[in-house]
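Read through the structure below, which is laid out as structure tokens, and then see the notes.
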Amino acid sequence: MDLQLKDKLFVVGGATSGLGRAIVEALVTEGAKVIAIARTTSKLETLKTYSERIETLAGDIAKEETHIALKEVLQSRKLTGVVLNSGGPPAMPALETSLNDWDEAYKNVVRWKIALTKELLPGMMEQGYGRILFIESVATKQPVENLVLSNAMRLAVTGYVKTLSQEIGGSGVTMNILGPGYHATQRMENLFAKSSELKGIPEEEIRESFANQTAVKEIGNPNDFASLAVWLLSPYSRYVTGQTLTVDGGLVKGVMG
Numbered sequence: 095m096d097l098q099l100k101d102k103l104f105v106v107g108g109a110t111s112g113l114g115r116a117i118v119e120a121l122v123t124e125g126a127k128v129i130a131i132a133r134t135t136s137k138l139e140t141l142k143t144y145s146e147r148i149e150t151l152a153g154d155i156a157k158e159e160t161h162i163a164l165k166e167v168l169q170s171r172k173l174t175g176v177v178l179n180s181g182g183p184p185a186m187p188a189l190e191t192s193l194n195d196w197d198e199a200y201k202n203v204v205r206w207k208i209a210l211t212k213e214l215l216p217g218m219m220e221q222g223y224g225r226i227l228f229i230e231s232v233a234t235k236q237p238v239e240n241l242v243l244s245n246a247m248r249l250a251v252t253g254y255v256k257t258l259s260q261e262i263g264g265s266g267v268t269m270n271i272l273g274p275g276y277h278a279t280q281r282m283e284n285l286f287a288k289s290s291e292l293k294g295i296p297e298e299e300i301r302e303s304f305a306n307q308t309a310v311k312e313i314g315n316p317n318d319f320a321s322l323a324v325w326l327l328s329p330y331s332r333y334v335t336g337q338t339l340t341v342d343g344g345l346v347k348g349v350m351g
């Protein structure tokens, strides 16, 4: 199926690993052009060798200086879509958190996404077309053990996206959230390690227990996640906006999952 993305320009955060990299590769496969943002220059170099359709920007997408640098790269170019994706806050139980942890979680999960959306949205509205995709977590539908900071802050993003998508309805710009469940990424490996430490159980047993929580009894493949992400970034998703969709192998047990 041709998703009509040939030569369309996208920005993808967290582009060098995990779900972000899978989305970059899927976009390029569809013929799109990508500005890939990540903090590690050496990892960005591997993307440039992967495809000539990929430009790179080294920086932390959660920082204002990276937003300024992106504005310089874009200038008057027509931007089709953006994937707001970055790492989450550290794993810890609620009673171990400090108020500073909550302040940092707000900045790292919520604040920068609002700032970058406010920067890029006006241009999309002016051209009458755009796709904004937020990569959050299955925690938007049900909490994840030992991730209280993520559980709370992801819901703040959900409220923002739902509200703004209603306010800009009819502009040609859609906004949606994808909530990944347990996928084979470094983020999950960190969570396995933390759970192993807290429970005194080998990491392999932890990994198996996480897989068994899903209906399909396995940890997800980032490429499967990326296939839905790219569809939401395409013209075919024009009638889908303000939605939070989980890609979780049946992890969420509620009927609204």
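For the sequence shown, the working numbering gives the first residue as 95, with consecutive numbering after it. For glycine and all other residues, C-beta sits at the position ideal for the given N, C-alpha and C.
Pair within 8 Å by beta-carbon distance, residue i and residue j
i, j, result
"Gly351", "Thr335", "no"
"Ser231", "Gly181", "no"
"Leu103", "Arg171", "yes"
"Ala309", "Gly344", "yes"
"Ala132", "Phe319", "no"
"Ala233", "Val204", "no"
"Thr160", "Gly153", "yes"
"Ile262", "Met219", "yes"
"Ile129", "Leu151", "yes"
"Val122", "Ala109", "no"
"Val286", "Glu297", "It is Phe, not Val, that sits at residue 286 in the sequence shown. The answer is yes: Cβ separation under 8 Å."
"Asn179", "Gly107", "yes"
"Ala352", "Lys201", "Absent from the model: residue 352. The displayed extent of the chain is 95 to 351, so no value can be given."
Inter-residue Cα distance where the pair is residue i and residue j
i, j, result
"Glu283", "Glu291", "12 Å"
"Ile208", "Asp197", "15 Å"
"Ala272", "Leu173", "Here residue 272 turns out to be Leu, not Ala, going by the sequence shown. Each residue's Cα considered, the two are about 20 Å apart."
"Ala126", "Leu141", "14 Å"
"Leu99", "Val105", "13 Å"
"Val255", "Ile295", "38 Å"
"Ile313", "Thr279", "10 Å"
"Arg301", "Glu166", "43 Å"
"Trp206", "Leu214", "12 Å"
"Glu49", "Arg281", "For residue 49 there is no data in the structure shown, the boundaries of the chain being 95 and 351."
"Asn315", "Gly217", "34 Å"
"Glu146", "Glu124", "13 Å"
Integer-rounded CB distance, given that residue j should sit under 8 Å from residue i
i, j, result
"Thr268", "Ser331", "6 Å"
"Gly275", "Asp195", "Going by Cβ atoms, the distance from Gly275 to Asp195 rounds to 24 Å, so no, they are not a contact pair."
"Met186", "Asn240", "6 Å"
Helix, strand or coil at residue i [DSSP, three-state]
i, result
"Asn240", "coil"
"Pro274", "strand"
"Glu132", "For clarity, residue 132 is Ala in the given sequence; the question names Glu instead. Of the three classes helix, strand and coil, the one that applies to Ala132 here is strand, per DSSP."
"Val341", "strand"
"Val267", "strand"
"Ile148", "strand"
"Leu99", "coil"
"Val122", "helix"
"Gly294", "coil"
"Met247", "helix"
* With contact counted as at least three CB pairs below 8 Å, one residue from each stretch, are the segment 219 to 227 and the segment 311 to 329 in contact? -> Flag = yes, the segment 219 to 227 and the segment 311 to 329 touch.
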